[in-house]
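Peer 1: Top to bottom, those sequences are chains D and B. Counting from 1, one number per residue, gives the positions in the first sequence under the UniProt record's numbering. Counting from 1, one number per residue, gives the positions in the second sequence under the UniProt record's numbering. Even for Gly, the Cβ is constructed at its ideal location relative to N, Cα and C. Just so you know, these numbers come straight off a predicted model, no measurement behind them.
Number of protein chains: 2
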Amino acid sequence: MDDGRPGEFELIRRYFAPLAKDPGSLGLTDDAAVLTPRPGVDLVLTKDMLAADVHFFADDAPEAIAAKALRVNLSDLAAKGARPRGYLMGLALPADWTEGWVARFCNGLAADQQAYGVHLLGGDTIRSSNGLQVSITAIGEVDTGKAVRRSGARPGDILFVSGTIGDAAAGLHARLDPDFSRVHDLTQDEERHILNRYLLPRPRTGLAGPVTGFATAAMDISDGLIADSAHMARASGVGLSIDLSKVPLSGALQRLKMNARHEFMRCFNGGDDYEILASVSKDKAAAFQKAAAAAGCPVTEVGLVEEGSGTVRLHDAGQSLDLSTGGGFRHF
Amino acid sequence: MDDGRPGEFELIRRYFAPLAKDPGSLGLTDDAAVLTPRPGVDLVLTKDMLAADVHFFADDAPEAIAAKALRVNLSDLAAKGARPRGYLMGLALPADWTEGWVARFCNGLAADQQAYGVHLLGGDTIRSSNGLQVSITAIGEVDTGKAVRRSGARPGDILFVSGTIGDAAAGLHARLDPDFSRVHDLTQDEERHILNRYLLPRPRTGLAGPVTGFATAAMDISDGLIADSAHMARASGVGLSIDLSKVPLSGALQRLKMNARHEFMRCFNGGDDYEILASVSKDKAAAFQKAAAAAGCPVTEVGLVEEGSGTVRLHDAGQSLDLSTGGGFRHF
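1) Go ahead and pull the three-state DSSP assignment for residue 87(B).
2) State yes or no: is the C-beta of residue 151(B) within less than 8 Å of the C-beta of residue 235(B)?
3) Can you check which of these residues, 223(B), 257(B), 286(B), is closest to residue 211(B) by C-alpha distance?
4) Is there a C-beta anywhere in chain D that falls below 8 Å from the one on residue 122(B)?
5) At 4 residues or longer, what runs of the alpha helix (DSSP H) sit wholly inside the UniProt domain "PurM-like N-terminal" (30-142) of chain B?
6) Give me the subset of the stretch 110-138 of chain D whose CB atoms are less than 8 Å from a CB atom of chain B, sorted by chain position.
7) Counting contacts by CB-CB distance shorter than 8 Å, is residue 213(B) in contact with chain D?
8) Is residue 11(B) buried or exposed, if buried means 16 or more other CB atoms sit within 10 Å of its CB?
9) When we look at the beta-carbon of residue 279(B) and count the other beta-carbons within 10 Å, is it buried (16 or more) or exposed?
10) Mind listing the chain D neighbours of residue 334(B)? Cutoff is C-beta to C-beta under 7 Å, in chain order.
11) What residues from the stretch 149-182 of chain B come within 9 Å of chain D, judged by C-beta to C-beta, listed N to C?
12) Below 8 Å between beta carbons: does that hold for residue 58(B) and residue 108(B)?
13) Beta-carbon within less than 7 Å of residue 314(B)'s beta-carbon, same chain only, minus the 5 sequence neighbours each way: which residues are those?
14) What does a CB cutoff of less than 6 Å around residue 124(B) pick up in its chain, not counting 5 residues either side in sequence?
15) Which residues in chain D have a C-beta closer than 7 Å to the C-beta of residue 37(B)? List them in chain order.
16) Under 8 Å, Cβ to Cβ, is there at least one residue of chain B near residue 20(D)?
17) So, do the stretch 69-84 of chain D and the stretch 211-223 of chain D have three or more beta carbon pairs nearer to each other than 8 Å?
18) Less than 8 Å between the beta carbons of residue 333(D) and residue 310(D), yes or no?
19) For residue 142(D), does the count of other Cβ atoms within 10 angstroms reach 16, so buried, or fall short, so exposed?
20) Buried or exposed: residue 257(D), going by 16 or more other Cβ atoms within 10 Å of its Cβ?
21) With a 10 Å radius around its C-beta and 16 neighbouring C-beta atoms as the bar for buried, classify residue 178(B) as buried or exposed.
22) I'd like to know whether the C-beta of residue 68(B) is nearer than 8 Å to at least one C-beta of chain D.
23) Please classify residue 147(B) as buried or exposed, where buried requires at least 16 neighbouring CB atoms within 10 angstroms.
24) Looking only at its chain, what residues have a beta carbon closer than 8 Å to the beta carbon of residue 190(B), apart from the 5 residues adjacent to it on each side?
25) Counting only beta-carbon atoms, is residue 326(D) nearer than 8 Å to chain B?
26) Specify, as a first and last residue, the run of the alpha helix (DSSP H) that residue 233(B) falls within.
27) Touching or not, the stretch 161-168 of chain B and the stretch 45-58 of chain B, by the rule of three or more beta carbon pairs under 8 Å?
28) Buried or exposed: which applies to residue 259(D), given that a residue is buried once 16 or more other Cβ atoms fall within 10 Å of its Cβ?
29) Taking all protein chains shown into account, decide if residue 113(D) is buried (16 or more other Cβ within 10 angstroms of its Cβ) or exposed.
30) Starting from residue 158(B), follow the beta strand (DSSP E) in both directions and report where the run begins and ends.
31) Measure the CB-CB distance between residue 246(B) and residue 301(B) and report whether it falls below 8 Å.
32) Buried or exposed: which applies to residue 262(D), given that a residue is buried once 16 or more other Cβ atoms fall within 10 Å of its Cβ?
33) Is residue 343(D) near residue 140(D), with beta carbons less than 8 Å apart?
34) Starting from residue 300(B), trace the beta strand (DSSP E) both ways and give me its first and last residue.
35) Closest Cβ-Cβ distance between residue 77(D) and chain B: below 8 Å?
36) Taking CB distances under 8 Å as the criterion, tell me whether residue 335(B) reaches chain D.
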């Protein structure tokens, strides 16, 4: 190109083609990817779109932006019990993109491809009308009929979550307010932890097996535990009861819970957790917990499925909490 | 929402869910779509991303923007010989979006879903950091092993194109320059034709069958006939020879060719045609042409595949033309 930056085909050759190891990608030299489905599997398809200054900061490390764009999709696959197979990526580059930025972005993808066993299958690169946008469609595989939906929770089931809740939202607040950690007395380690959880989701791909093996319903937590519990409750036509005192919290969130209750609830409901919420029938609960721990993704019992019609009750060691003040995070 | 516009879930319920008739979409109420592949088929996956003021004008009719975003993907499927099955859509809405705009956009999708037999499977709606962007991933099916690639053209094959070439690029120029039609003496009908071809690509989905039945290589023409011929020539390791006097032209382009040779070449190479370029072995050429006509997408012989290494020769009734001046359209 006149400005010395590589054109689209040169970008593909230098940076994207090395990410496309699946023969179905046709080396990114064709109009489309061609996949031969393995016999006995369903394909699980998910698409998340991320925009600068909405889902990440434009000056975040390019490697981290790439990882986040891929991981939020892998999180959706894990929640359905699907093993990642590949992804297509649409990349809208702002006017001032540089080759160095693209190189680092692709390094981030390469590292995650290796970590999660997934390959680039195809995509499109365009000039953005303004800021950077990344649109990834991820494709996973699950044994035929075994995809786990949001709609299968039944009264009597036990509710589990993976990891800890609220860290990413706290990390976002710490990012936006340089005084956040000082005001709330967080240690350096605690601050580092929450900032990192905002920057880099950790999709619980290890839970795909335990989820298909044992869960009656599952979803990933992106809008906040309470908001997403309501989604599951509505899809399943049940009520969910969550005991806040059982929800696993990092050191940072425990400190917030003690010292700044309002701030805590804001983070707790803030979303971007990318943990798994799953319901499991009582007789399989112990086996689920054991399988999850064995997969390196321990899960914690946080509540129960009850009769109901899409309602969520939150209580803290027996005391009812008012949910009207804390909505989930809106990505839109 | 505070501003009276529907939130994401309300948008899904009112506008997107009615487009999601395939049971695999799970009514758009889950994290992902689940598809059970039909036995004996490969899946063809393609992703094109369109941005306001890059691929369309922000003030184009919302129905037309929707149609274009879907159709450019259907064109890729047709070029591989795949029948459309469904699509996922990422929609990044600008700050000033209105519910009426979304309603019209979805009307455009609904009309094309009916026309092309395809359904919405899933997606994501986000706030754009600036202008409207639409990212569609389309999924098609083709009998196992039958997807047609760019790389199969062999010396001796005959080259065909569908439709006419150069109209969309001329339509773009007419859009950008209100004097274009007057200066080039186009009739009102001719002007209407080129404007419409820019606004609304016509994916040659009817050619999917003839392409898998007879073509050795195929692709859709989005970067311009010459630029895309070069892509096919490189992928196939051959040379292509195109006879401009045989390339089908609309009345508008014929007039440009006669009266304004430079402008003609600019449109001819301008891209956005979304016609099919296919190579067919000599002994199947007549059958291909017959099958295409029967499918309602007549094709025209425009040249030959020769020995070569990625080269394209353009001549006009025997006279060699210099290609160094006319590159394809860059979407990036």
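Peer 2: So, from the listed chains and residues:
1) strand
2) yes
3) 286(B)
4) yes
5) 62-79, 99-116
6) 121, 122, 123, 124, 125, 126, 127, 128, 129, 130, 131, 132, 133, 135, 137
7) no
8) buried
9) buried
10) Nothing can be reported for residue 334(B): it is not among the residues displayed for chain B, which extend from 1 to 332.
11) 149, 150, 151
12) no
13) 226, 242, 244, 321, 323
14) 90
15) 37, 43
16) no
17) yes
18) Absent from the structure is residue 333(D), since the part of chain D shown begins at 1 and ends at 332.
19) buried
20) buried
21) exposed
22) no
23) buried
24) 181, 250, 251, 252, 255
25) With a pLDDT of 48 at residue 326(D), under the threshold of 50, the predicted position of this residue should be treated as unreliable, though the coordinate-derived value follows. No, residue 326(D) does not count as interfacial toward chain B.
26) 225-236
27) no
28) exposed
29) buried
30) 158-162
31) yes
32) exposed
33) Examination of residue 343(D) is not possible in this model, given that chain D is present from 1 through 332 alone.
34) 299-306
35) yes
36) Only positions 1 to 332 of chain B appear in the structure, and residue 335(B) is not among them; the question remains open.
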